[in-house]
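Peer 1:
Residue numbers (mature numbering (1 follows the signal peptide of the UniProt record, and there is no 0)): -29 to -1, 1 to 127.
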């Protein structure tokens, strides 16, 4: 009786692993990510920062904005002027989180990421005036990711 029970558990375990693998492959496949070089080229500003506050939730579009403490600008620092800077100049507002057109775009308070952003276009004003908007997926901060992004920014 114990042997049959163990075989049943192994069988169920095997099926569970197979189903999880298939579902994760499908979910990943529905959101094709642009190449890093293209993401860097399309973003006028690339920065590293930590999400400090989540705000401006839009219940219709399921999007939201975040106040982000900037640690470092990898590209486009000169584009971020006094009107965009918040709280003494070391924070910015970034919108576009939850946008279904961007693959990895969900954050929690305390998350530190590499952000690829552009200034909000005029058609999004006044709701997003002086706000940066996500241009592509977020990247986790690792030494490898930082080196890759820096190399593209420097044109290498």
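Every residue gets a Cβ at the ideal spot worked out from N, C-alpha and C, and that includes glycine. Bear in mind that the values here come from a model prediction, so they are computed numbers and not experimental data.
In angstroms with no decimal places, state the Cα-to-Cα distance between residue 95 and residue 119.
Peer 2: Roughly 31 Å between the two C-alpha positions.
Peer 1: Contact check, residue 19 vs residue 112 under 8 Å by CB: the rounded distance?
Peer 2: Their Cβ separation, rounded to whole angstroms, is 6 Å, which keeps residue 19 and residue 112 in contact under 8 Å.
Peer 1: Can you tell me whether residue 114 is helix, strand or coil according to DSSP?
Peer 2: DSSP places residue 114 in helix when its eight states are reduced to three.
Peer 1: Under the three-state reduction of DSSP, which class applies to residue 40: helix, strand or coil?
Peer 2: Looking at residue 40 - three-state DSSP - the assignment turns out to be strand.
Peer 1: Are residue 36 and residue 74 close, meaning C-beta to C-beta below 9 Å?
Peer 2: Result no, Cβ atoms of residue 36 and residue 74 do not sit closer than 9 Å.
Peer 1: Once DSSP output is grouped into helix, strand and coil, what is the label at residue 34?
Peer 2: Note: residue 34 maps to strand in three-state DSSP.
Peer 1: Could you tell me which residues DSSP puts in a beta bridge with residue 20?
Peer 2: BP columns for residue 20 point to 41 and 84.
Peer 1: With three or more beta-carbon pairs closer than 8 Å as the criterion, would you say the stretch 4 to 19 touches the stretch 83 to 92?
Peer 2: Contact holds: three or more Cβ-Cβ distances are below 8 Å.
Peer 1: Which of the three DSSP states, helix, strand or coil, is assigned to residue 62?
Peer 2: Reduced to three states, the DSSP call for residue 62 is strand.
Peer 1: Per DSSP, which residues does residue 89 bridge with? Please list them.
Peer 2: BP columns for residue 89 point to 104.
Peer 1: Please check the pair residue 76 and residue 109, which I expect to be a contact at CB under 8 Å, by giving their CB distance rounded to whole angstroms.
Peer 2: Their Cβ separation, rounded to whole angstroms, is 6 Å, which keeps residue 76 and residue 109 in contact under 8 Å.
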